[in-house]
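Working notes, structure below.
Protein chains: 2
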Amino acid sequence: MVELALHLDPVADTPLYEQLYGALAGQIRTGRLAEGTRLPGKRSLAASLGLAVNTVDTAYQMLVAEGYLESRERSGFRVLAWDGPLPAAPAPLPEPPAAPQTAWRFDLSTSGVDTGLFPFRTWGRIQKELLYSSPQLLDHGPRQGDEELRRQAADYLRAYRGVQCGLDQVVIGAGIEYLVGLLARLLGGAAAVENPGYRRTVKILENNGVECIPVDIDKGGLPPRALEASGARVACITPSHQFPTGVTMPAPRRAQLLKWAMAAPDRWIIEDDYDSEFRFDIRPLPSLQGMAGEDGPVIYLTTFSKSLAPSIRMAAMVLPRPLLGRWQAMYGSYSSTVSRFEQETLGRFIRDGHFTRHLARLRSQYKQRMETLAEALEAAFPGRVELQGRHTGLHLLLTLKDGPGETAMVDRARAAGVRLEGLRGYYLARPEHCPENTVVVGYAALPPGDIPALAEALRTAWQKT
Amino acid sequence: MVELALHLDPVADTPLYEQLYGALAGQIRTGRLAEGTRLPGKRSLAASLGLAVNTVDTAYQMLVAEGYLESRERSGFRVLAWDGPLPAAPAPLPEPPAAPQTAWRFDLSTSGVDTGLFPFRTWGRIQKELLYSSPQLLDHGPRQGDEELRRQAADYLRAYRGVQCGLDQVVIGAGIEYLVGLLARLLGGAAAVENPGYRRTVKILENNGVECIPVDIDKGGLPPRALEASGARVACITPSHQFPTGVTMPAPRRAQLLKWAMAAPDRWIIEDDYDSEFRFDIRPLPSLQGMAGEDGPVIYLTTFSKSLAPSIRMAAMVLPRPLLGRWQAMYGSYSSTVSRFEQETLGRFIRDGHFTRHLARLRSQYKQRMETLAEALEAAFPGRVELQGRHTGLHLLLTLKDGPGETAMVDRARAAGVRLEGLRGYYLARPEHCPENTVVVGYAALPPGDIPALAEALRTAWQKT
Numbered sequence: 003m004v005e006l007a008l009h010l011d012p013v014a015d016t017p018l019y020e021q022l023y024g025a026l027a028g029q030i031r032t033g034r035l036a037e038g039t040r041l042p043g044k045r046s047l048a049a050s051l052g053l054a055v056n057t058v059d060t061a062y063q064m065l066v067a068e069g070y071l072e073s074r075e076r077s078g079f080r081v082l083a084w085d086g087p088l089p090a091a092p093a094p095l096p097e098p099p100a101a102p103q104t105a106w107r108f109d110l111s112t113s114g115v116d117t118g119l120f121p122f123r124t125w126g127r128i129q130k131e132l133l134y135s136s137p138q139l140l141d142h143g144p145r146q147g148d149e150e151l152r153r154q155a156a157d158y159l160r161a162y163r164g165v166q167c168g169l170d171q172v173v174i175g176a177g178i179e180y181l182v183g184l185l186a187r188l189l190g191g192a193a194a195v196e197n198p199g200y201r202r203t204v205k206i207l208e209n210n211g212v213e214c215i216p217v218d219i220d221k222g223g224l225p226p227r228a229l230e231a232s233g234a235r236v237a238c239i240t241p242s243h244q245f246p247t248g249v250t251m252p253a254p255r256r257a258q259l260l261k262w263a264m265a266a267p268d269r270w271i272i273e274d275d276y277d278s279e280f281r282f283d284i285r286p287l288p289s290l291q292g293m294a295g296e297d298g299p300v301i302y303l304t305t306f307s308k309s310l311a312p313s314i315r316m317a318a319m320v321l322p323r324p325l326l327g328r329w330q331a332m333y334g335s336y337s338s339t340v341s342r343f344e345q346e347t348l349g350r351f352i353r354d355g356h357f358t359r360h361l362a363r364l365r366s367q368y369k370q371r372m373e374t375l376a377e378a379l380e381a382a383f384p385g386r387v388e389l390q391g392r393h394t395g396l397h398l399l400l401t402l403k404d405g406p407g408e409t410a411m412v413d414r415a416r417a418a419g420v421r422l423e424g425l426r427g428y429y430l431a432r433p434e435h436c437p438e439n440t441v442v443v444g445y446a447a448l449p450p451g452d453i454p455a456l457a458e459a460l461r462t463a464w465q466k467t
Numbered sequence: 003m004v005e006l007a008l009h010l011d012p013v014a015d016t017p018l019y020e021q022l023y024g025a026l027a028g029q030i031r032t033g034r035l036a037e038g039t040r041l042p043g044k045r046s047l048a049a050s051l052g053l054a055v056n057t058v059d060t061a062y063q064m065l066v067a068e069g070y071l072e073s074r075e076r077s078g079f080r081v082l083a084w085d086g087p088l089p090a091a092p093a094p095l096p097e098p099p100a101a102p103q104t105a106w107r108f109d110l111s112t113s114g115v116d117t118g119l120f121p122f123r124t125w126g127r128i129q130k131e132l133l134y135s136s137p138q139l140l141d142h143g144p145r146q147g148d149e150e151l152r153r154q155a156a157d158y159l160r161a162y163r164g165v166q167c168g169l170d171q172v173v174i175g176a177g178i179e180y181l182v183g184l185l186a187r188l189l190g191g192a193a194a195v196e197n198p199g200y201r202r203t204v205k206i207l208e209n210n211g212v213e214c215i216p217v218d219i220d221k222g223g224l225p226p227r228a229l230e231a232s233g234a235r236v237a238c239i240t241p242s243h244q245f246p247t248g249v250t251m252p253a254p255r256r257a258q259l260l261k262w263a264m265a266a267p268d269r270w271i272i273e274d275d276y277d278s279e280f281r282f283d284i285r286p287l288p289s290l291q292g293m294a295g296e297d298g299p300v301i302y303l304t305t306f307s308k309s310l311a312p313s314i315r316m317a318a319m320v321l322p323r324p325l326l327g328r329w330q331a332m333y334g335s336y337s338s339t340v341s342r343f344e345q346e347t348l349g350r351f352i353r354d355g356h357f358t359r360h361l362a363r364l365r366s367q368y369k370q371r372m373e374t375l376a377e378a379l380e381a382a383f384p385g386r387v388e389l390q391g392r393h394t395g396l397h398l399l400l401t402l403k404d405g406p407g408e409t410a411m412v413d414r415a416r417a418a419g420v421r422l423e424g425l426r427g428y429y430l431a432r433p434e435h436c437p438e439n440t441v442v443v444g445y446a447a448l449p450p451g452d453i454p455a456l457a458e459a460l461r462t463a464w465q466k467t
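So the sequence lines, in the order shown, correspond to chains A and B. Positions in the first sequence are counted from 1; adding 2 to them yields my numbering. Positions in the second sequence are counted from 1; adding 2 to them yields my numbering.
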């Protein structure tokens, strides 16, 4: 009969049976209690430790359940074979400190939106109605996304973006990034990406084994000849509003890209239509997908994160019919990545006309903000500032003639509490082609009231020294 | 001056300027209107078509904006270079008909849960509070998941699953499938998977370029020798409740697997702890991750889809500290895939003690259901039925001694409106090792009141002929 050295703490949070279990399991794992060792009977151990017999019994049962002990008629509990102690784990690494958050006075990043414009009341009402009226939404939904949302998204995209598609072509996913990751595996091949362009798309494609070839854009966007020369089989583009330069691709250029795609089998264009809801003149350009048709070579992507809120992770993709079979074969068994309640909330939000009203409101607010900002900047730098990309989207390119250079502009702005990026950072290759003195100015998260102070802060930061 | 053949429909939903724009763009794309062609002046065209001048002007402006036309002082609007018509798109493929939904009388699939047990009132209240009280949740959140949810999940997993981790190791994602996809790219290598096992995990790993090697399990789960022999560098296992056999891996076997992982560099174990909340005897086994420690070779995965609802797409992963750097490098720029409102709702649901109470309720309900079902089945097939996997999880293995064979059992059950799967379908390799007359019986989605009728339906379906 073995003598057990056990230290239990009757006032600890961990129940005594857990403590006893842990102590015994530990001694078995470390080999202190060897195979075949017979443990004291429940009663005697309980007595010696001043525990209830039940406590000891529970601990013993747990050890039996987990294969530490065997229980034999009459002969009590024996330690089972344990082939040698575990190698000691390395000393725990310390938990790294959280990165310090800079508090910016003005946020000109391109990722933010004005969350104050979110339709809290309507959204909350629909959400509440659904939770109580539609328990079936707790169950598994269609893998490509809930039908109501796909129908509403398809109708919206047909009407406002000229997208041509049937319900079966629409896929809802938790953000464009997620969908691009799936597309990368689906299409394979090397992908041409716009230079300058969106670094994260490149990261996702590369993470998924797709080689990315940066192709320099011109004033019409991605040039077909350069695309052809790149040898890529897939082209990722932002034709409505090139990111970050704001170039809109003219129709003839669009046709040339479609020809490129149709000129060889298995060539595809990924159209990232990330912010075309925000067109401030006549109306948004119809999508390239619409020009290609539902059987054409274009995969259309859009997100609701900019029109609703960044934290609402919903994006929609329209797959060309010829790709549906391949998609089903590869991803047909994947569950949807978006909560059905949120899908249905958005579906009804669009269906009942709230979405188009909401967009109209956003457009007028953002347009006004853009114009106020442009005026303030032109006033702060008379004749020295040039602004590109005013017609669409939620950011501008600001070029300061005879400015102190991009790096100095960015550093000085940041020192003054202005969060912004230089254009050079968006060059995936050949940064020497980057125009001088140019920064990217996102205004979606900038409160209108802050604009005068911002302009003054930049004027001071960038004045000639 | 060209003669335009245009057919506009004044009563169509599409506004006239859109129709005019579309007609002209179409004629330019097809080459019917050649480069350099001069279009009629706005007034004359308006007059000849009986339109307002404004309507024509808007259409012309759109065509200019999109690069179809150029506008010259005095000389009006000319068609721009369009290099040849687009190749005609193939005739649209028909939209495939939706697959017919079988209406089952009884659902014994393993994917369902009893959504009637969902805590509607509490969940809805927290959700509502958050929407109005926490607008900051609309903005981008931490990429690994919101801090409150990660803290609560970590505390819960430490207390109830013996998981050892800090906040920085927890990643929230839109379902285990999504996280497994990221892990596949992160870890690479060939992966040993349990045979029989969960086909979808295999599909995801293979979709992400990971070769899967099915390893036959024994009564203790994945055998270390076979794992070693497989040459795999990663092992995907379900130690708490092997899917679908229900085997619980004994502690000595767990230690052997950890030794396998520690015996060579870059070996990893993915512990899929998908349903261990549902342990009906003493208490759930502590996780393998807990035995390995926070710097050990185990990646821990769990989901809230079974404890809350399948449509709520939230899963948690615990990364070993040694992998955090690699994770950051690869996925540090990815946005979270889960809505922050839902993350925060769950975070508070756990924090305020609702989750553990909810789990206790689920456990007692499901345990009762399992016992009622087991009794009903044993009564329906006196001495002929054998049930495995009663202690954990939400499904049983049912073996019918001298039954008509698995295929016949499944077919006859389905003919009687019972949705269930045979065990053979879970064999990824060597189906000949599959025990005869065995089916997988999930009872989570089975209303208790249906149990007698279900047992009777199976008795009739499976009676000797």
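Using N, Cα and C, we set each Cβ at its ideal position, and we do this for glycine too. Everything numeric in this text was worked out from a predicted model, so none of it was measured.
Which residues bound the alpha helix (DSSP H) around residue i?
i        : result
B:Trp464 : Ile453 to Trp464
A:Arg227 : Pro226 to Ser232
A:Leu361 : His356 to Ala382
A:Ser46  : Lys44 to Leu51
B:Pro324 : Arg323 to Tyr333
A:Val58  : Val55 to Ala67
A:Val320 : Premise fails: A:Val320 lies in the beta strand (DSSP E), Ala317 to Val320, not in any alpha helix (DSSP H).
A:Ile30  : Leu18 to Arg31
Under the DSSP definition of a beta bridge, which residues are partnered with residue i?
i        : result
B:Ser278 : In the DSSP output, where bridge partners are listed per residue, B:Ser278 has none listed.
A:His397 : A:Gly444
B:Pro216 : B:Val195
A:Cys238 : A:Val195 and A:Ile272
A:Arg109 : Contrary to the premise, residue 109 of chain A reads as Asp rather than Arg in this sequence. According to DSSP, which records beta bridges pairwise, A:Asp109 is partnered with A:Arg421.
A:Ile301 : A:Ile272
How far does the beta strand (DSSP E) with residue i in it reach, from first residue to last?
i        : result
B:Asp297 : That residue, B:Asp297, is in no beta strand (DSSP E); it is neither H nor E in DSSP.
B:Arg74  : Leu71 to Arg74
B:Ala263 : That residue, B:Ala263, is in no beta strand (DSSP E); its alpha helix (DSSP H) goes Ala253 to Met264.
B:Val469 : Residue 469 of chain B lies beyond the residue range present for chain B, which begins at 3 and ends at 467; the question has no answer from this structure.
B:Gly78  : Gly78 to Val81
For residue i and residue j, what's the separation of their Cα atoms in angstroms?
i        : j        : result
A:Arg123 : A:Pro449 : 21 Å
A:Ser77  : A:Leu47  : 15 Å
A:Ala7   : A:Gly38  : 18 Å
B:Arg392 : A:Val320 : 45 Å
B:Thr16  : A:Arg353 : 19 Å
B:Leu402 : B:Thr462 : 13 Å
A:Tyr19  : B:Gly355 : 23 Å
A:Ile215 : A:Glu131 : 48 Å
A:Ala459 : A:Phe280 : 27 Å
B:Arg414 : B:Glu377 : 22 Å
A:Thr60  : B:Ala362 : 19 Å
B:Ala263 : B:Cys436 : 28 Å
B:Arg371 : B:Gly444 : 11 Å
A:Thr247 : A:Arg421 : 18 Å
B:Ala318 : B:Val173 : 6 Å
Write down the C-beta distance between residue i and residue j rounded to the nearest angstrom, noting that I regard them as a contact closer than 8 Å.
i        : j        : result
A:Thr394 : A:Ser242 : 7 Å
B:Leu41  : B:Leu71  : 7 Å
A:Ala36  : A:Leu65  : About 15 Å; that fails the 8 Å criterion.
A:Ile272 : A:Val217 : 14 Å between Cβ atoms; not a contact.
A:Met316 : A:Glu344 : 7 Å
Ignoring anything shorter than 3 residues, give me the beta strand (DSSP E) runs that lie fully in the region 113 to 188 of chain B, in order along the chain. 172 to 175
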